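Below: the structure, in structure tokens.
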Amino acid sequence: MARFKDLPIQRKLTLLLMLTSVGVMVIMRLAFFVYEYRTFREATVRQLSILGKITADNSTAALAFGNRSDAGETLSALHAEPNVVAAALYDPAGKLFAQYPAQPAAAQLPPAPGADGYQFSPDRLAGFEPVVQAGRRLGTLYLQLDTGAILGAWLRGSLGIAILVMALAIVLAYLLSHWLQRQISRPILALADTARAVSDRRDYSVRATKLGHDELGLLTDAFNQMLTQIQEQDLALRHNERRFRALIEHSSDSISLVNSQNCILYLSPAVAAVEGYAPEELVGRNGVENTHPDDLPLLREVIAQLLASPGRSIPVVWRRRHKAGHWVWLEGTATNLLGDPAVSAIVTNYRDITERRNSETEIKRLNEDLERRVVERTAQLESANADLRRSRAVFENLFVSLPGLFLVLNPELRIVAASDAYLKATMTTRDGILGRGLFEVFPDNPDDPAATGVSNLRASLNRVIQNLAPDAMAIQKYDVRRPDGVFEERFWSPVNSPVLGADRALEYIIHRVEDVTDFVRRKSAQTNGDGSLQARLERMEAEIFQSSQRVQAANQQLEAANKELEAFSYSVSHDLRAPLRHVDGFASLLTKRAEKTLDTQSLRYLTTISGAAKQMGRLIDDLLSFSRMSRTTLRLAEVDQDALVAGIVREGNYEQSGRTIAWEIAPLPPVHADAAMLRQVWVNLIENAVKYSGKNPAPRIVIGCQSANGAAAEQVFFVRDNGVGFDMAYAGKLFGVFQRLHGPSEFEGTGIGLANIRRIIARHGGRTWADGRVGEGAVFYFSLPVKPPSP
Amino acid sequence: MSPKPASLRPILLAEDNPNDVELTLAALHSLNLANDITVVHDGAEALDFLHRRGTFTGRVSVQPAVVLLDLKMPRVDGLEVLRQIRADPALRALPIVILTSSREENDLVKGYQLGANAYVVKPVDFDEFISAVSQLGVFWALVNEPPPAPPAA
Chain F
155 MARFKDLPIQ
165 RKLTLLLMLT
175 SVGVMVIMRL
185 AFFVYEYRTF
195 REATVRQLSI
205 LGKITADNST
215 AALAFGNRSD
225 AGETLSALHA
235 EPNVVAAALY
245 DPAGKLFAQY
255 PAQPAAAQLP
265 PAPGADGYQF
275 SPDRLAGFEP
285 VVQAGRRLGT
295 LYLQLDTGAI
305 LGAWLRGSLG
315 IAILVMALAI
325 VLAYLLSHWL
335 QRQISRPILA
345 LADTARAVSD
355 RRDYSVRATK
365 LGHDELGLLT
375 DAFNQMLTQI
385 QEQDLALRHN
395 ERRFRALIEH
405 SSDSISLVNS
415 QNCILYLSPA
425 VAAVEGYAPE
435 ELVGRNGVEN
445 THPDDLPLLR
455 EVIAQLLASP
465 GRSIPVVWRR
475 RHKAGHWVWL
485 EGTATNLLGD
495 PAVSAIVTNY
505 RDITERRNSE
515 TEIKRLNEDL
525 ERRVVERTAQ
535 LESANADLRR
545 SRAVFENLFV
555 SLPGLFLVLN
565 PELRIVAASD
575 AYLKATMTTR
585 DGILGRGLFE
595 VFPDNPDDPA
605 ATGVSNLRAS
615 LNRVIQNLAP
625 DAMAIQKYDV
635 RRPDGVFEER
645 FWSPVNSPVL
655 GADRALEYII
665 HRVEDVTDFV
675 RRKSAQTNGD
685 GSLQARLERM
695 EAEIFQSSQR
705 VQAANQQLEA
715 ANKELEAFSY
725 SVSHDLRAPL
735 RHVDGFASLL
745 TKRAEKTLDT
755 QSLRYLTTIS
765 GAAKQMGRLI
775 DDLLSFSRMS
785 RTTLRLAEVD
795 QDALVAGIVR
805 EGNYEQSGRT
815 IAWEIAPLPP
825 VHADAAMLRQ
835 VWVNLIENAV
845 KYSGKNPAPR
855 IVIGCQSANG
865 AAAEQVFFVR
875 DNGVGFDMAY
885 AGKLFGVFQR
895 LHGPSEFEGT
905 GIGLANIRRI
915 IARHGGRTWA
925 DGRVGEGAVF
935 YFSLPVKPPS
945 P
Chain S
1382 MSPKPASLRP
1392 ILLAEDNPND
1402 VELTLAALHS
1412 LNLANDITVV
1422 HDGAEALDFL
1432 HRRGTFTGRV
1442 SVQPAVVLLD
1452 LKMPRVDGLE
1462 VLRQIRADPA
1472 LRALPIVILT
1482 SSREENDLVK
1492 GYQLGANAYV
1502 VKPVDFDEFI
1512 SAVSQLGVFW
1522 ALVNEPPPAP
1532 PAA
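These protein sequence lines map, in sequence, to chains F and S. Going by my numbering, the first residue of the first sequence is number 155, and it counts up by one from there. Going by my numbering, the first residue of the second sequence is number 1382, and it counts up by one from there.
See the structure below:
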């Protein structure tokens, strides 16, 4: 049957049809044959029976007469029927009466007649026929027919026909089946061809041809529909696959598929960037190869864990050898997807983290280095701190143990520190004075109405704060209070010095004193000296003390006078200028109003009034500026005199109204001075030169610096003109306030310019002088010290 | 109240000296300004005017386009007037020009530190004086746009 199954459907169908038709035919033939056989036997029996009856009838006479030869004759007539092989006549007693053939083998004839009727035995039909005449039985006839020959002939004829018919039928059936099976097999074959085409070429676009609307037609439709679906799914699948493939192949991460034996199945192209190998160089090789020996145990452990737990992901960091030979740090995640039939591999995606790893290592190293340095530095600082504390303690100890009398104040005049000697001399304790105000601790003696200790000391300290410079005081009487509250007379020689911080701000004031009480007392006790050297010295010192007291008093008077001067100039500035303005103002208004009615003389008077008022206004302004010049603090800085002078000449615009001045300006060295004041010096000198050379048709002004001889302490600058000059007899007056050598009708001016110059140069520590001759011009000089004066 | 242009606002002159008042007025009048010119004779009066109190209670005119302020005045001096104006939220923006005889550095420094808009020294020369005051009048009464007037108190 297995072979039948494998037959092509065409053969199968043909065979089926043939077998069916042949089977049917065989069964029908068999039935027909059985029927024919029975008919043939019955016919044979009937023929034999007829033959028997005829023969019996023919034998009646012989029997009735017992004529054996007749009987024999009758029987021998049977030879016409060759198939009758034996015949016999038995008399009524059952004795053999005649036989046919004449000498048959005794065994072939039954010895006695049996029952009437015919019996088939193999290849023989034999029977007994009664011989009856007129109802009287005369004997029995036995006939034996050889059926074999008859049957053989019949069989031969019948089978021949059967075979012929069947042969014809089979041919016909074959032809029919061959034609019929095509109706069924063709669509199936077409379908099969289509299916083979699909499966061979994976071409889902082909379609089976539909040949009818039967079940096969439906099948074809269903098949085509299925193909359509497959085609769509295939397309979607391809898209998906392309997408995922693109994802994988363009990922910067390298992706590997490894089977359970660590054999590499797949590598994404990124592996080239990560490990230097093309994917095909590694596919098929062992995935553990190239691993850094130190990382092998880890990798094996990871693989073991992965194999033990399907579906699990394990992050891993390890090193592999790059194709170029160096080690690459990799970081990735491995997932056991062996159980997933679509993957069946351990999937690892990994990337090169060498750079990160290196920078991490570097950062770690730097951090460690930093930490180490912090620790070192901390240790250094701690040790430095300890040193500092030690040295601070040393210095504190040194300070308090100083033999001198020292007191340290902060800028608010609170006591910060004191030496032991100071505490002893002032009968105070450190705890009792630290942090307290100086004058709270040391007030004036209330019993001494002439006490000036507090005010003098305060003034000196204020000067220190103001000038940031040391201030030595004259010997002071400054009584100190004993712990019991009683004041004791004391004389002191104090010096106050500032302690400046980095920003030159005042941080502390050191107040150093010497207790000169004994000396002063002894001095006053010995009014009349004994003439010894010691006594004379002491007298001298006492005088110095007294004169220093006087100098201090004079200084204070000077300060007060300065203050008054300031108030005075302020008052001048405001109060004196107002009436002058009024004089000029009203004179002008009057002029305007009465211009038409007043005579010329009156108008001239008014003009004079105005002019006088204006001149006085200018004098006051100049005087004020002169006074201000004396009081303003110097702001010393390096001054570029070349630029300064060039600027003044350019901006002064001195060559208006067609005048041409021949300027000769030599290079000037820079100086250390107050820029604004120095500018005023140069402006005044240059304007003077322009003014007083105004009447010369070819004015010439020379500005320069006299070359100093060697390491001179000062530099000399000059301005020379070829103007009207002056008489050297009056040279001493030139630099005085409001001193003029020319009338206002000749040259305008108030006479303050040169006074200002002298004041400014003097404040810079320099000198001013002039040289001239009437009608031949003048030279004005000023000098500035090379080293600037302390302000 | 919509802000009035500077030309319709008064000019306040705070000056104790009658001669200076006369000369200043003469200079301002020579300009033919449309602005009213109010004269007060000391700092206290100036503050009363600006605060609409004392003799100025019920004053309806808007705040001045500019205050020309002398420094040396009886009762309350100019710098104090300036300080009080600048400390008052309602008057803080008022333009103040110091018009004084003093050229002292201290006065200049203090005046500007307290927020004066200008500092003019009265020249002794009357022509220069006329010129200075005229320039002030033209600038502050015509050219300058004053701050918007606050709602009437």
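For each residue, glycine too, the CB sits at the ideal point set by N, CA and C. Treat the numbers as computed from the prediction; the structure is a model and nothing was measured.
Quick check on residue i: buried or exposed, where buried means 16 or more other Cβ atoms within 10 Å of its Cβ?
i	result
A1534 of chain S	Because A1534 of chain S carries a pLDDT of 40, less than 50, the predicted location of this residue cannot be relied on, and no value is offered for it.
V1447 of chain S	buried
V412 of chain F	buried
L161 of chain F	exposed
L243 of chain F	buried
D828 of chain F	buried
S414 of chain F	exposed
T168 of chain F	buried
T1481 of chain S	buried
I1477 of chain S	buried
L389 of chain F	exposed
D528 of chain F	At residue 528 of chain F the sequence reads Val, which differs from the Asp that was named. Looking at its Cβ environment, which holds fewer than 16 other Cβ atoms inside 10 Å, V528 of chain F is exposed.
W483 of chain F	buried
G289 of chain F	exposed
F871 of chain F	buried
L1517 of chain S	buried
V188 of chain F	exposed
P469 of chain F	exposed
In three-state terms, what does DSSP make of residue i?
i	result
G293 of chain F	strand
S651 of chain F	strand
R985 of chain F	Outside the displayed range of chain F (155 to 945) lies residue 985 of chain F, so it cannot be described from this structure.
H665 of chain F	strand
T1405 of chain S	helix
G486 of chain F	strand
V1462 of chain S	helix
K631 of chain F	strand
R644 of chain F	coil
T301 of chain F	helix
A362 of chain F	coil
F936 of chain F	strand
G271 of chain F	strand
I1418 of chain S	strand
V1457 of chain S	coil
R894 of chain F	coil
S609 of chain F	helix
F553 of chain F	helix
H826 of chain F	strand
D925 of chain F	strand
G220 of chain F	coil
R475 of chain F	strand
Y1500 of chain S	strand
Measuring only from the beta carbon, is residue i closer than 7 Å to any heavy atom that is part of the ligand FMN?
i	result
P451 of chain F	This structure simply doesn't include the ligand FMN, nor any ligand for that matter.
So, under 8 Å CB-CB, residue i and residue j are touching, yes? Tell me the CB distance rounded to an integer number of Å.
i	j	result
A240 of chain F	Q262 of chain F	5 Å
I1466 of chain S	L1412 of chain S	Contact flag wrong, Cβ pair sits at about 25 Å.
F251 of chain F	A231 of chain F	Rounded, the Cβ-Cβ distance is 16 Å, inconsistent with contact.
What residues of chain A sit near residue i, judged by a beta carbon separation below 7 Å?
i	result
K1503 of chain S	Judged by its chain identifiers, the structure shown contains no chain A, and its protein chains are F and S.
### Contiguous alpha helix (DSSP H) assignments of at least 4 residues, all confined to the region 564–602 of chain F
574–580, 584–587, 592–595, all fully within the region 564–602 of chain F.
### Query
For the region 621–634 of chain F against the region 643–659 of chain F, are there 3 or more C-beta pairs whose distance is under 8 Å?
Segment contact: the region 621–634 of chain F against the region 643–659 of chain F, three or more CB-CB distances shorter than 8 Å; contact assigned.
### Task
Check whether the region 299–313 of chain F touches the region 273–283 of chain F, taking contact to mean three or more Cβ pairs, one atom from each stretch, closer than 8 Å.
Inter-segment contact for the region 299–313 of chain F and the region 273–283 of chain F is present: three or more beta-carbon pairs are separated by less than 8 Å.
### Message
Tell me whether the region 1417–1431 of chain S and the region 1448–1461 of chain S touch, counting them as touching only if at least three CB pairs, one residue from each stretch, are closer than 8 Å.
### Response
Pairwise C-beta distances place the region 1417–1431 of chain S in contact with the region 1448–1461 of chain S, as three or more of them are shorter than 8 Å.
### Query
Would you call the region 498–515 of chain F and the region 471–490 of chain F touching, i.e. three or more CB-CB distances under 8 Å?
Output reads yes: the region 471–490 of chain F touches the region 498–515 of chain F.
### Task
Indicate whether the contact test is met: 3 or more Cβ pairs, each with one atom in the region 1397–1406 of chain S and one in the region 918–936 of chain F, closer than 8 Å.
Between the region 1397–1406 of chain S and the region 918–936 of chain F there are fewer than three C-beta pairs closer than 8 Å, too few to call the two in contact.
### Contact between the region 1500–1515 of chain S and the region 721–735 of chain F (3+ Cβ pairs under 8 Å)
By the Cβ rule, the region 1500–1515 of chain S counts as touching the region 721–735 of chain F, because three or more pairs are nearer than 8 Å.
#### Entry: Those runs of the beta strand (DSSP E) which lie wholly inside the region 765–812 of chain F and span at least 3 residues
Whole beta strand (DSSP E) segments, 3+ residues: 790–793.
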